[in-house]
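Student: For the sequence shown, my numbering begins at 528 and goes up steadily by one. Just so you know, even glycine gets a beta-carbon here, dropped at the ideal spot from N, CA and C.
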Amino acid sequence: MPKRQILTMTQRDLVNEFVDTYGLSPEQISFEGEREDPIFDYEALNVLRLRLTDIQGSYPEIVERTDNLITAQCTLHLGDGRTASDLGTAYIGETMPDESSIETLNQAQNLALARAFRRAIRSAGVNLLKAHKRYLETGEPTTARQDTELNSRIGREIHALASEVGHITNDGKEKYQDFIEHIFGKGKRSSLDLNDIERNQLVATYRQLKRHIENAKDRDAAAA
Numbered sequence: 528m529p530k531r532q533i534l535t536m537t538q539r540d541l542v543n544e545f546v547d548t549y550g551l552s553p554e555q556i557s558f559e560g561e562r563e564d565p566i567f568d569y570e571a572l573n574v575l576r577l578r579l580t581d582i583q584g585s586y587p588e589i590v591e592r593t594d595n596l597i598t599a600q601c602t603l604h605l606g607d608g609r610t611a612s613d614l615g616t617a618y619i620g621e622t623m624p625d626e627s628s629i630e631t632l633n634q635a636q637n638l639a640l641a642r643a644f645r646r647a648i649r650s651a652g653v654n655l656l657k658a659h660k661r662y663l664e665t666g667e668p669t670t671a672r673q674d675t676e677l678n679s680r681i682g683r684e685i686h687a688l689a690s691e692v693g694h695i696t697n698d699g700k701e702k703y704q705d706f707i708e709h710i711f712g713k714g715k716r717s718s719l720d721l722n723d724i725e726r727n728q729l730v731a732t733y734r735q736l737k738r739h740i741e742n743a744k745d746r747d748a749a750a751a
């Protein structure tokens, strides 16, 4: 039997807001530690996508299945005709925020689909917590825009540096996303997931990494 996650007062207030406003159940909402960004299950994400965004449709699929690992992809159709997509994985034995563990492939599949859905929504430039607050203030949905990381100077610099060090290629930006998550914590896979201080830290890290690569090339050239 899964344990009920112990929430902070702020987290409890947020759960109550989402339950009262959208008809969700508390079991559909969890948190990573004491972070205030809610984590929603797949069904809740569908409800929130319809209420809080202008995303036209979501198209999930399983792209890889092994004996204990599931990889899912979710593609979103945006209001301007473009698409946004991302991947999510889950495995048997993985520990959840409530200290329960994934025991079956079906549980892993549901979790992987939800993760792919959440990451696709973020890749479309939507933060559901911010969209919720905007909805409470204005009653209006949030417009999804692909690659909104590139709409700011610091976002463009981060992308340029990540491309120069090989984290973003024509094959995708999974290395870039993994790099951000490794530095700043689980669930943070875009500069949109970071606050201003963290974005500046990411720029500084990429600048240092670029200098390290360039210095290594110079040493190799000098030794040749």
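As a quick exercise: from Ala641, Leu719 and Gly620, pick the residue whose alpha carbon is nearest that of Glu588.
Tutor: Against the sequence shown, residue 588 aligns to sequence position 61. A check of alpha carbon separations from Glu588 across Ala641, Leu719 and Gly620 identifies Ala641 as the nearest.
Student: Apply the 10 Å Cβ neighbour rule to Leu663 and answer buried if 16 or more other Cβ atoms are within range, or exposed otherwise.
Tutor: To locate residue 663, count along the sequence shown from 1; it is residue 136. Looking at its Cβ environment, which holds fewer than 16 other Cβ atoms inside 10 Å, Leu663 is exposed.
Student: Helix, strand or coil for Glu588 per DSSP?
Tutor: As a working note, residue 588 is residue 61 in the sequence shown. In the structure shown, Glu588 sits in a strand (DSSP, three-state: E or B).
Student: Taking Asn573 as the reference, which of Glu626, Ser690, Cys601 and Thr622 has the closest Cα?
Tutor: By one-based count along the sequence shown, residue 573 stands at place 46. Answer by Cα proximity: Cys601.
Student: Taking the beta strand (DSSP E) that Gln600 falls in, what are its first and last residues?
Tutor: Position 73 of the sequence shown, counted from the first residue, corresponds to residue 600. That run of the beta strand (DSSP E) goes Leu596 to His604.
Student: Excluding sequence positions up to five away, which residues of its chain have a Cβ less than 8 Å from the Cβ of Gly480?
Tutor: Because the chain in this structure spans residues 528 to 751, residue 480 falls outside the shown range and cannot be described.
Student: Are Leu729 and Ser718 closer than 8 Å when you measure CB to CB?
Tutor: For the purposes of this step, residue 729 is taken as residue 202 along the sequence shown, with counting starting at 1. For the purposes of this step, residue 718 is taken as residue 191 along the sequence shown, with counting starting at 1. Taking 8 Å as the Cβ cut-off, Leu729 and Ser718 qualify as a contacting pair.
Student: Throw me the rounded Cβ distance for the Thr616 and Leu596 pair, which I believe falls under 8 Å.
Tutor: Position 89 of the sequence shown holds residue 616. Position 69 of the sequence shown holds residue 596. Contact annotation, Thr616 with Leu596: C-beta distance approximately 7 Å; criterion of less than 8 Å satisfied.
Student: If you draw a straight line from the alpha carbon of Ala778 to that of Ile648, how long is it in whole angstroms?
Tutor: Outside the displayed span of the chain (528 to 751) sits residue 778, for which this structure offers no information.
Student: Hey, is the region 533-543 in contact with the region 563-573, meaning 3+ C-beta pairs nearer than 8 Å?
Tutor: yes
Student: For Gly693, which residues of its own chain have a beta-carbon under 8 Å away from its beta-carbon, when the five flanking residues on both sides are left out?
Tutor: Within the sequence shown, numbered from 1, the residue matching residue 693 stands at position 166. Result list for Gly693: Lys702, in chain order.
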